[in-house]
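To start, the structure itself, in structure tokens.
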Amino acid sequence: YIEIYIIYPSPFVLVEKKKKWEEALFHCREEHTDLASILDQQDQAWAELEARKTNSTLVWLGLHYTCTLNFWFWVDDHTVDFDQWDEEPEEECNISGAMETREEHHWFEKLDYEEFYFICATGATG
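Per the UniProt record's numbering, the sequence shown starts with residue 1, numbered consecutively.
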């Protein structure tokens, strides 16, 4: 019998440049599509594959908190229906979501001015 493998391009790409969250956002929008939005377990799995490529402990995602409206959202305007928080996140101004690159790949809230590598969305679909 014949085995057939279908290779899907990753919808994400790791960028190994340390940037503040907003700088990472601008970079992704200029060079790719946007910072990565993780809407379900499949997106999470793709993001984990990218995150494992670095020795850095955390990578920025396209997850941001608005203190004006008091909720977390994805920069591509999706609501946060799926989540992988380590603990319930803080609700403060100037924080965004980062994912750990090892262990359980949990998400953590971090101050926007901290510098991490980041994951961009490529626009590829599987």
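Glycine included, each C-beta is placed from N, C-alpha and C at the ideal position.
None of the values given here were measured: they were computed from a predicted structure.
{"Item": "Burial state of H105, where buried means 16 or more other Cβ atoms lie within 10 Å", "Value": "buried"}
{"Item": "Counted within 10 angstroms of its Cβ, other Cβ atoms place C28 as buried (16 or more) or exposed", "Value": "buried"}
{"Item": "Distance, E50 Cα to E103 Cα", "Value": "14 Å"}
{"Item": "Residues bridged to F116 (per DSSP)", "Value": "K19"}
{"Item": "First through last residue of the alpha helix (DSSP H) which encompasses W72", "Value": "Segment 71-74 is the beta strand (DSSP E) holding W72; no alpha helix (DSSP H) there."}
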